[in-house]
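Counting along the sequence shown from 1, when you hit position 565 you're at 565 in full-length UniProt numbering, and nothing is skipped either side.
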Amino acid sequence: MSGAMVSASTGAMTSLLAKLTALLSEEYTKQKGVRRKIESMRDELGSMNALLVKLADAEGLDGQLKQWRNNVRELAYDMEDCIDSFTLKLHHGDGAQPGVIKKMTRKIKRLWARHQVANQIEELTACVKEVSDRRSRYKLDDESFVRSSTPVVIDPRLPVLLAESWGLVGIDGPRDVITGWLMDGDPQLKVVSVVGFGGLGKTTLAMEVYRSLGGHFHHKASASVSRRLDLKKLTKDILSQLEPTEYGRGQLDMLEVEQLIRTLRNYLQDKRYLIVIDDVWSISAWEIVKSVLPENSYHSRVITTTRITNVAKSCCSDSQELIYAIKPLNVTDSQRLFMRRIFDSEDDCPPQLEEVSQAILKKCGGLPLAIISISSLLSTKLKIKDQWERVKDGIGSAPEEASIKMKNILLFSYYDLPYHLRTCLLYISIFPEDHVILRQHLIWKWMAEGLIDGERGQNQEDVGEAYFNELINRSLIQPVDIQYDGRAEACRVHDVLLDIIVSLSEEENFVTIFTGGQVEAKFLQGKIRRLSLHNNFHAIKVQQVTMRNLANVRSAHIFGSCKDISDQVDSPAMRVLDLEGCSLCVQVKNMHKYSQLKYLNLSRTGIREVPKEIGNLQYLETLDLRWGSLYGKLPPAIGQLIRLKHLFVSHDIILPDEITNLRALQVLWVHMVNSIKLVVWFGSLKELRELYMGCINPDGPNDMRNYMQSFTSCLRELGRHNLQLLRIFGYPHGSTVINPLMELCCSSISCSPSPVGSLVHLSHLETWVRNIDRRYLCALSELPCLLFLYITINNATSKSYVVQDKGFNCLKEFRCFFYGGRIRLSFEPGAMPKLQKLELLLEAEGTKCDHGVGANFGLQHLSALKRVVAHSFCAGATTAEVESFESAIRNAVSSHPNHPAIELALNRRREYEMLQGIGELEVDAGQEGASLDW
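Written out as structure tokens, the structure is:
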């Protein structure tokens, strides 16, 4: 195991070698002796790195060699920090205006800095020599540790593999048993528990039951307990799923845990609910969770999963001990899962691989996680018997205990990774168990930490996404929320694998995890490079233990409530500072010291203002200021962040005029855009790929006219660049609702090309409009790259919408929400030929008996349809109307030749406003309004 862990050391060394090479291009290296010493250091370190790469696949390293490896890693970190520090000093102020006095001052500072460089190079050279001398004692340079590997490529079947990564083989029988227990007609609250050790598929089984029963429960949610119960997070997770319109993310963040519990109990008290509580680790944790969920007589149900039999019995003690002990897969199901993952079929295994396949499956012992892991690894190999034999021999002996066997298989999959992917996987150890890890933010953190080793000319974010996809492809991370384009928005890590990653990471001093418990010896030894704080605690605990060890910390990640942690962490080497969710943090100190910072997340914190020193963060690339306590105008110094690529700002924050100095932005999220100057600036952002913006009415009719003209021009400019995602919505101002796209198209399309139609690179569009214009829809339907369309129509005047057979040729997901009217939607033959997911929200109150989704709905004309999600807006509707609506949707879906999946999970929004009467309102067909072709 130790040898494989050298990957973290090689990662540190690779980054250092790149910076030494860049250093040689600097002017001051022309000084006598400086260039020669830097070249000598680089060459010696390059030789060390070559040995580290060899050691990466060597097993059984002795203690001396491990110590040498550790010394090399720490030396690489220190040298990189040193180079970053004096490079920053030498280039500080390069962008200032060249006055005579400033020139002289800079020259003096540079002379002094060069003197410091020479001294530091002398010290570093001595350190490198000392480590090199130690290395010669091991005499391993002549050893052969040649590693057989194949190029790392993205599996072209990735979208399919993501969608069905677990295969769900052998799940029908267990699912039916549990479903029978839950749906026995007993009105009292019932709890069923699924028990078994990690990797058997407990969560998969529980969630399959949850999905299959979704239509029978109008209030459902799933949440994870994990080893350390965070009751506030658990209740927030459940509430946000039960009624997202009423309990928004920002509102829930403001409530204390007692308020959240009271809110949840009150909401569920008279509801029929289904809740999955995943991964319960103790009886005491279950007793707490149980107290949060009210008992009632409305046929409510709870499913729990656990690894511990006594915990399972405790969960079910009041409901006949309905415990399902999950078992390993049988031989047939094991083979189905294995073959499907590698050959995309259960019958296509080449004859020369059948024997070795059976031997590998025998070693997997019917464990789904082990089968998926090893088959994912084999899918990257050539279909050659010798390579498969090496994999079989590397797994370990068959008689091992199941849990040990699975860990050995997962370690084998880890060892097979290329070194750069090992480092990226180790980085995931910063996250707590069951944490949902957002893809974009993970990649941006990898970039900030220098873990993405892209070739010259490659876009780092694209390379990072390839890394992310490859880890999913190898089943080392699990995809979450797969999108229309086959990409996963986020990921999770199975807790068994996370245990392994954490162990590897801590041994390599890659990440130091502090949970607020007992002080561990690891915090008193050496330097902390990356700090991850879990659970709720006061920063003083961290200070007492780690105060002397944080001078070189490169990243700090806070998960829970920690008060003013930035007071304790003032490392000039800091690259990543993530305080998301730290509601106790009220300010960020030491901002002036974070000169290397590239990623700063202050979302959902108690911080009330951004320090003016933020302008010192010259390398900052990501800044997230959403959903917190920030309000007012940002400091003008934000305009100095010329390297900023990703900016997220909430609606309470006003952007200063200096923001227009930022030209490198690729992702921009802003809510209050009432400045014409800002709208013009948007159009000038040539690198912009994603734009989220809320349009606010400027004051005065003249301003409004200029604003709309500027917005038209902005869209046309963005159409010339590479904008791929556009989310645009209006806010009420007085009594008016602004719908920019609609206004623009209606007023300008007749005399000039539509600004919407110019967005030829756009693949994702979300907009909130007041009414639909035929020309606007025509422009949308002709966008050549549009894959996702989400339109919310408010108070529409037309009452019938027809999607025609022309246009929308690439669209894969369509969401259409209607508010404020009784509306009929229909599809003609040939409409949206590639549409896979359709999501609708219609009003149930007062509609005709078919609710607009009857015989003329035309759902059967959507030839590629796989999934339908239907929401009914129930305010003012009778129970009979809502049930009739649901029946109409089910009938329309059941008649589709593809038999798409249907979800009515949120179909009774605001049910408390429903009328409890019987019968339907009479509707005059002649008053339905004009029809509009789409």
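Ideal placement from N, C-alpha and C gives every residue a C-beta, glycine not left out. From a predicted model like this one, the values you see are computed outputs, not experimental measurements.
Distance check for residue j and residue i, CA to CA, integer angstroms please.
i, j, result
"residue 208", "residue 480", "15 Å"
"residue 153", "residue 763", "Confidence at residue 153 is low in this model, with a pLDDT of 38, below 50, so its placement is unreliable and the value that follows should be read with caution. Straight-line Cα distance between these residues: approximately 25 Å."
"residue 646", "residue 690", "9 Å"
"residue 414", "residue 422", "7 Å"
"residue 656", "residue 638", "8 Å"
"residue 812", "residue 836", "5 Å"
"residue 706", "residue 871", "38 Å"
"residue 807", "residue 310", "59 Å"
"residue 829", "residue 683", "38 Å"
"residue 308", "residue 496", "15 Å"
"residue 669", "residue 287", "42 Å"
"residue 864", "residue 410", "37 Å"
"residue 527", "residue 571", "12 Å"
"residue 412", "residue 506", "19 Å"
"residue 633", "residue 714", "24 Å"
"residue 718", "residue 672", "19 Å"
"residue 185", "residue 868", "28 Å"
"residue 328", "residue 197", "10 Å"
"residue 680", "residue 834", "36 Å"
"residue 443", "residue 781", "33 Å"
"residue 428", "residue 586", "27 Å"
"residue 257", "residue 783", "47 Å"
"residue 347", "residue 769", "51 Å"
"residue 498", "residue 661", "42 Å"
"residue 181", "residue 192", "8 Å"
"residue 344", "residue 362", "21 Å"
Does the distance from the CB of residue i to the CB of residue j come in under 8 Å?
i, j, result
"residue 510", "residue 534", "no"
"residue 289", "residue 306", "no"
"residue 359", "residue 381", "no"
"residue 323", "residue 195", "yes"
"residue 726", "residue 685", "no"
"residue 385", "residue 352", "yes"
"residue 369", "residue 406", "yes"
"residue 694", "residue 648", "no"
"residue 575", "residue 448", "yes"
"residue 438", "residue 489", "yes"
"residue 787", "residue 810", "yes"
"residue 597", "residue 620", "yes"
"residue 573", "residue 590", "no"
"residue 616", "residue 629", "no"
"residue 292", "residue 265", "yes"
"residue 426", "residue 377", "no"
Taking buried to mean at least 16 other C-beta atoms within 10 Å of its own C-beta, is residue i buried or exposed?
i, result
"residue 183", "exposed"
"residue 642", "exposed"
"residue 210", "buried"
"residue 16", "buried"
"residue 404", "exposed"
"residue 325", "exposed"
"residue 21", "exposed"
"residue 302", "buried"
"residue 861", "buried"
"residue 894", "exposed"
"residue 917", "Its pLDDT being 34, under 50, residue 917 is placed unreliably in this model, and the value from its coordinates should be taken loosely. Per the 10 Å Cβ criterion, exposed."
"residue 785", "exposed"
"residue 677", "exposed"
"residue 331", "exposed"
My guess is that residue i and residue j are in contact by the Cβ rule of under 8 Å, so how many angstroms apart are they, rounded?
i, j, result
"residue 253", "residue 627", "7 Å"
"residue 205", "residue 232", "That pair is no contact at about 28 Å."
"residue 175", "residue 224", "Rounded, the Cβ-Cβ distance is 20 Å, inconsistent with contact."
"residue 886", "residue 904", "6 Å"
"residue 170", "residue 494", "The Cβ separation is near 18 Å, so there is no contact."
"residue 255", "residue 217", "About 25 Å; that fails the 8 Å criterion."
What runs of the beta strand (DSSP E), each 3 residues or longer, lie entirely inside the segment 800-830? 800-803, 813-819 and 824-827
List, from N- to C-terminal side, the alpha helix (DSSP H) runs of 4 residues or more that fit wholly inside the segment 163-228. 172-182 and 202-212
What beta strand (DSSP E) runs, 3 residues minimum, are completely inside the UniProt domain "Disease resistance protein winged helix" (430-501)? 478-482 and 488-492
At 4 residues or longer, and completely inside the segment 637-688: list those alpha helix (DSSP H) runs for me, N to C. 676-683
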